[in-house]
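Residues 1 to 223, numbered by our numbering, are exactly what the sequence shown covers, in order.
Virtual Cβ for every residue (Gly too), placed ideally from N, Cα, C.
First up is the structure itself, then whatever we jot down about it.
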Amino acid sequence: MREQSYKVQEIFKWFSKYDKEDICIKSKSKEFFIEINNKSLPHLLGLQYINDNESKHGVLKGQRLYNKINEENLSDQDIYDLIAEHNANKIDSVANRINTFKEFMENLENGYIFEQTNQYTQIKSNYLVVQTKNNQFLHLGIRKEEYGDIITEFEVDNRTKDILETYFAREDINYFENSRIFEKITEISKYNDKTKKYELFSFKEDKEKHFWENETETEEKER
1 MREQSYKVQE IFKWFSKYDK EDICIKSKSK EFFIEINNKS LPHLLGLQYI
51 NDNESKHGVL KGQRLYNKIN EENLSDQDIY DLIAEHNANK IDSVANRINT
101 FKEFMENLEN GYIFEQTNQY TQIKSNYLVV QTKNNQFLHL GIRKEEYGDI
151 ITEFEVDNRT KDILETYFAR EDINYFENSR IFEKITEISK YNDKTKKYEL
201 FSFKEDKEKH FWENETETEE KER
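As structure tokens, this is what we get:
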């Protein structure tokens with residue numbers, strides 16, 4: 001019997017801590033308000049490729065896809081076997097996503113914001129958070145859309161609600177080479193329901209308490 005690994009399940013468990021949390025990502029001129037949710041995670045990892053696109057039962061996506069992988073406790077090998085059966089050319093891409101996604105998110109504050117400028121892609125993201133690792137450009141795609149005013153308990157909130165659409169790696173800059181912006185992320189914050197305000201945040205817990213404090217101190221010294 002072959003040895004089983006459960007990296008995808010570990011990512012699911014880690015990511016679920018932030019389910020339904022609202023975060024804000026800021027750079028010099030851009031601001032993204034995003035609700036983190038479990039149902040978006042399978043697509044970020046490329047797990048939609050386990051589907052048989054010709055199945056009479058339809059394609060699983062979103063929450064249904066998340067539930068299948070989570071509730072059936074699929075191992076990494078189970079997942080790769082399904083991809084090999086239905087979308088064999090995607091195995092390397094999915095493996096790369098799985099192996100880099102958590103670290104990417106834990107170092108999100110090191111990313112740079114670009115416009116997504118590839119005219120020939122099917123992805124709908126209009127902005128990218130980009131990091132580099134091992135001669136690869138890691139891309140987190142953000143779809144920014146206006147939804148109008150959001151009525152909260154106390155006030156009208158006219159922020160946008162933006163979507164984490166995709167995550168992928170490339171060895172080229174084809175998706176942002178014509179971007180008019182190139183901005184380092186300056187702040188990540190998470191909404192606190194108790195205090196009713198956004199507070200500094202990192203996906204890596206041991207960074208959360210001191211990272212942004214150190215960044216602020218450094219900026220003040222440089223002024």
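Taking only three categories from DSSP, how would you classify Ser16? In the sequence shown, counting from the first residue as 1, residue 16 sits at position 16. Three-state result, Ser16: helix.
Out of curiosity, what's the CA-to-CA distance linking Gln77 and Lys28? As a working note, residue 77 is residue 77 in the sequence shown. As a working note, residue 28 is residue 28 in the sequence shown. Gln77 and Lys28 have their C-alpha atoms roughly 42 Å apart.
Enumerate, from N- to C-terminal direction, the unbroken alpha helix (DSSP H) stretches of 4 or more residues contained entirely within the segment 71–136. 76–86, 91–106
Inter-residue spacing [alpha-carbon to alpha-carbon] between Lys68 and Glu115: As a first step, residue 68 is located in the sequence shown; it is residue number 68 there, counting from the start. As a first step, residue 115 is located in the sequence shown; it is residue number 115 there, counting from the start. Distance between the alpha carbons of Lys68 and Glu115 is about 34 Å.
Excluding five sequence neighbours on each side, which residues of the same chain lie with their C-beta closer than 8 Å to the C-beta of Lys20? By one-based count along the sequence shown, residue 20 stands at place 20. Closer than 8 Å at Cβ, skipping near neighbours: Glu35, Ile36, Asn37.
Tell me, please, whether the segment 162–172 touches the segment 109–125 by the rule of three or more beta-carbon pairs shorter than 8 Å. yes
Candidates Glu103, Ile50, Phe201, Phe203: which alpha carbon is nearest Asn87's? Here residue 87 corresponds to residue number 87 of the sequence shown, with the count starting at 1. Minimum Cα distance to Asn87 is reached at Ile50.
How many Å lie between Lys90 and Ile83 at the Cα? For the purposes of this step, residue 90 is taken as the residue at position 90 of the sequence shown. For the purposes of this step, residue 83 is taken as the residue at position 83 of the sequence shown. Their Cα atoms are separated by approximately 7 Å.
Would you kindly work out how many angstroms separate the C-alpha atoms of Gly58 and Val94, rounded to a whole number? Working through the sequence shown from its first residue, we reach residue 58 at position 58. Working through the sequence shown from its first residue, we reach residue 94 at position 94. Going by the C-alpha atoms only, they are around 21 Å apart.
Separation of Ser16 from Gln48, as counted between CA atoms: For the purposes of this step, residue 48 is taken as residue 48 along the sequence shown, with counting starting at 1. For the purposes of this step, residue 16 is taken as residue 16 along the sequence shown, with counting starting at 1. Near 19 Å, if we compare the C-alpha coordinates of Ser16 and Gln48.
The beta strand (DSSP E) enclosing Leu60, as first and last residue numbers: One-based indexing of the sequence shown puts residue 60 at position 60. From DSSP, Leu60 is part of no beta strand (DSSP E); its letter is neither H nor E.
Using the Cα positions of Lys13 and Ile173, report the straight-line distance between them to the nearest angstrom. Mapped onto the sequence shown, residue 13 falls at position 13. Mapped onto the sequence shown, residue 173 falls at position 173. Approximately 32 Å, taken between the alpha carbons.
Residues near Lys102 by beta carbon distance below 7 Å, same chain, minus five either side: Position 102 of the sequence shown, counted from the start, is the residue given in the question as residue 102. The residues are Ile11, Trp14.
I need the straight-line Cα distance from Leu60 to Leu108, nearest angstrom please. Residue numbering aside, residue 60 sits at position 60 when the sequence shown is read from its first letter. Residue numbering aside, residue 108 sits at position 108 when the sequence shown is read from its first letter. Looking at the two C-alpha atoms, the distance is approximately 29 Å.
Just verifying my parser: in three-state terms, what is the DSSP assignment at Phe144? Numbered from its first residue, the sequence shown carries residue 144 at position 144. First, the residue type needs correcting, since residue 144 is Lys and not Phe in the sequence shown. Lys144: coil per DSSP, three-state reduction.
If we count the other Cβ atoms within 10 Å of its Cβ and call it buried at 16 or more, is Gln119 buried or exposed? Your numbering for residue 119 matches position 119 in the sequence shown. Exposed: under 16 other Cβ atoms inside 10 Å.
Thinking C-alpha only, which one of Ser202, Glu31, Gln9, Glu183 is nearest Tyr112? As a position in the sequence shown, residue 112 is number 112, starting the count at 1. Minimum Cα distance to Tyr112 is reached at Glu183.
Taking just the CA atoms, how far does His139 sit from Thr117? Here residue 117 refers to the residue found at position 117 of the sequence shown. Here residue 139 refers to the residue found at position 139 of the sequence shown. The straight-line gap from Cα to Cα measures roughly 13 Å.
Give the secondary structure of Lys7 by DSSP, where H, G and I count as helix, E and B as strand, and everything else as coil. Taking the first residue of the sequence shown as position 1, residue 7 is located at position 7. Helix, per DSSP.
Is DSSP giving Lys28 helix, strand or coil here? Numbered from its first residue, the sequence shown carries residue 28 at position 28. If DSSP states are grouped into helix, strand and coil, Lys28 belongs with coil.
Taking Lys133 as the reference, which of Asn96, Lys144, Thr121, Gly141 has the closest Cα? Sequence index remark: in the sequence shown, residue 133 carries index 133 (1-based). If we check each option's Cα against that of Lys133, Asn96 comes out closest.
Determine the contact status of Tyr191 and Asp81, defining contact as a CB-CB distance below 7 Å. Residue 191 sits at position 191 when you count from the first residue of the sequence shown. Residue 81 sits at position 81 when you count from the first residue of the sequence shown. Not in contact: Tyr191 and Asp81 (Cβ atoms no closer than 7 Å).
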